[in-house]
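Numbering (the UniProt record's numbering), first residue to last: 1 to 819. We put the CB at the ideal spot given by N, CA and C, even for glycine.
Below is the structure:
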């Protein structure tokens, strides 16, 4: 049994190391042959690992075949789909999940349902369970890919989303449409029993009428139904900085509470009924029913499925009078969860949930548990001791969770919440004992509005102190660079060693580890401190010079290494120039109503690199796809100097003839000839960067071009006939309005870089322009196909890294990019 569940879990996790999708028949054949060999060699664990790998391959092939049903390009097609999202007119959302029933009049196999996420700018009133006929622009899932930031493609895989698109128009399906279908199509269309609104949606709608006037309705919706769509950006910042994101959702903790409440309720009912011996298992079944019902309200999200599985295993063991250690229950729940959905292991919630449970279990083994104390004659003293014991254990558990969850928090979220242990110490028992029971009572009495409203009101009041605490934590989030990851993992391992290996008996082991940590940590700390000091010095002196921005030391200039990063920002541009741990940013990408490239891409990348202040910011021109995030970048990273080709407060002019040196690199502005009130495409700031000062024999030239047009190119070609960069950023995203033959005639760049979105409405870059560069023997790289592109330059050597092909070449990357 132990070998079976462990082996299957290991095999199911193998899919994280696959770079291509294995052919299922050949893969299963190889697995079977390997299992037979392992059987005769009596290595039974390998048999179970092979079985788990076969399950993973089956799941991946099913998902892949489903995705291939979706068009590769954005095509206008008609679909019939069932609403999967919980919706309400009080929640402003334009993103809706559907389950496809027909695609261009062809029915979808109900055993492999296709889940698509569609945007509808101004959706009509819709409810979960309704069937709609929609005209959509549908495509396969695809997302921006950078060294940091939200990984949309991994999210799509983890949530089994097969397609994305935009709704152009739609009508709800009525009985006349269903009557017009054939018998087979009708059966498939109604395979989910009816076109009626689901019971979960009805309960949600009724609850929303009671929540309309509540102050914390967004949080109560998250606690009651797992719906977080009503949370605003400042709410998310509160939850992140306070470490309460896990608490304001239906998590495993809440499922456990629901089971305990159901158990308590069942025991009270059992005590009131005659012949209670026949109802001895009623508390067990009522507890599990409450846990299952709460998970159903959450839409069976991953953490709730994990918790329900553990509850089910514990219930079965109790019912059959079997005693298992905690690690067996953990491994069994892990294996079953993976067997139900192997792709769930791509979700952050999967690892956070199971890791937290594992840490709590190991902490219990290590002695973090309530100590048994004999009851004294003084009942008050005994209760005080019990309360103190509980508080001490809770504090220890918060500390253990903070320490051992650090690597995962850094990997998934890029930092840690410094006040999380203290806020959770107060908030977890408060919300668990007051808010959650009141929310469950409000939902249980939802058909009695006056009573339900009372419970909702009390639940709303209980959140006031929690939200106040969360508000105090805003701004305490600590972003950690990748340089600290070894210390996080090492510190966690040392803490684990110290927990199980006593200091008293093995003091020299701990002292040796401490010395190693100090030896590693002092240089890193010194480097960060010197970087901060140099940044302050540059900031202080920046106002005294307009030409020379370089305040680096001779030793810094002596190192010839520097990097050019073209970030994957979709349609727009953001180029990061790095040297000696410092950076200059050229353009900031686009912005939209509720977000920006600056927040979702540039900031995470900079934080991961340990860059908390920019040395410089250059805006090529004023268009939103190039300068949309400059306000956020200016606020978050306080650039020491800023340049643009139009008039802006605190910006220096970026005009022809300007030149400066930064960290040994020479910057020269070639265009425009004069500053303007508002810079359009023709006024884009064209900057040439070279490393002649640090690599005089083998220098590299990089040309940043913004969105210059044909006329600007013609004038530049006349004024700079010898212009011949090694690396050229293709003007205007590869549009036909740029990259003229006249402009390229005197050039022979090694590499042409273009920043574009895969499904942009202008079909950029132009195939004609691309071919023009290829005919010159220039390598062509487009972020739509490569993700982030980084060029590491050192003394004439230029090493190119494409994030999608060279760094993260996972099987689903190729699936989504149609390679």
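As a beta-bridge residue in DSSP terms, residue 117 pairs with 97 and 164. In this structure the stretch 56 to 65 does not lie against the stretch 90 to 103, because fewer than three pairs of beta carbons, one per stretch, are closer than 8 Å. Under the 10 Å beta carbon count, residue 437 is surrounded by 16 or more other beta carbons and is classified as buried. The C-beta of residue 286 has 16 or more other C-beta atoms within 10 Å across all chains shown, which makes the residue buried.
Under the 8 Å Cβ criterion, the stretch 636 to 655 counts as touching the stretch 610 to 628, having at least three qualifying pairs. If you look at residue 216, you'll find it isn't in any alpha helix (DSSP H); DSSP assigns it neither H nor E. Short of 7 Å from the beta carbon of residue 309, and not among the five residues preceding or following it, lie these beta carbons of its own chain, in chain order: 333, 336 and 337. Pairing residue 77 with residue 100 gives a Cβ-Cβ distance that is not under 7 Å. Judged by DSSP secondary structure, residue 266 falls within the alpha helix (DSSP H) whose first and last residues are 252 to 272. The criterion of a C-beta distance shorter than 7 Å is satisfied by residue 677 and residue 647. Per DSSP, reduced to three states, the secondary structure at residue 734 is helical. Distance from the CA atom of residue 4 to the CA atom of residue 45, rounded to whole angstroms, is 7 Å.
Residue 666 is bridged by DSSP to 661 and 690.
Here residue 314 has 329 as same chain residues with Cβ atoms under 7 Å from its own Cβ, once five neighbours each way along the sequence are excluded. Here DSSP, grouped into helix, strand and coil, assigns residue 775 to helix. With the rule of 3 Cβ pairs closer than 8 Å, the stretch 227 to 235 does not count as touching the stretch 445 to 457.
Closest by C-alpha distance to residue 748, out of 728, 344 and 734, is 728.
When DSSP assignments are scanned along the stretch 737 to 767, the uninterrupted stretches of beta strand (DSSP E) that are 3 or more residues long and fall wholly within it turn out to be 751 to 754. Per DSSP, reduced to three states, the secondary structure at residue 237 is helical. Cβ neighbours of residue 477 within its own chain (closer than 7 Å, five residues either side excluded): 240, 241, 415 and 417. Sequence-distant partners of residue 237 (beyond 5 residues in either direction) whose C-beta falls short of 7 Å from its own C-beta, in its chain, are 474. DSSP lists 616 as the bridge partner or partners of residue 641. The beta-carbon separation of residue 708 and residue 564, rounded to 19 Å, does not stay under the 8 Å limit for a contact. Counting C-beta pairs closer than 8 Å gives fewer than three between the stretch 564 to 579 and the stretch 153 to 171, which falls short of the contact rule. In the DSSP secondary-structure assignment, residue 582 is bridged to 579.
The stretch 791 to 808 makes no contact with the stretch 594 to 609; the number of CB pairs closer than 8 Å stays below 3. Looking at the backbone, the Cα of residue 814 and that of residue 49 are separated by about 26 Å. Bridge pairing for residue 76: 137 [DSSP]. The beta carbon of residue 108 lies closer than 8 Å to those of 69, 100, 101, 102, 114 and 188 in the same chain, with the five residues before and after it left out.
Each of 716, 397, 232 and 112 was checked against the Cα of residue 742, and the nearest Cα belongs to 716. Residue environment for residue 464: exposed (fewer than 16 other C-beta atoms within 10 angstroms of its C-beta). Short of 6 Å from the beta carbon of residue 480, and not among the five residues preceding or following it, lie these beta carbons of its own chain, in chain order: 410 and 415. Ranked by Cα distance from residue 428, the options 664, 391, 289 and 783 are led by 391.
Sequence-distant Cβ neighbours of residue 15 in its own chain, meaning closer than 7 Å and more than five residues away, are 56, 60 and 342.
Beta bridge pairing from DSSP links residue 798 with 793. When Cβ pairs closer than 8 Å are counted between the two stretches, the stretch 777 to 784 is seen to touch the stretch 750 to 759, the count reaching three or more.
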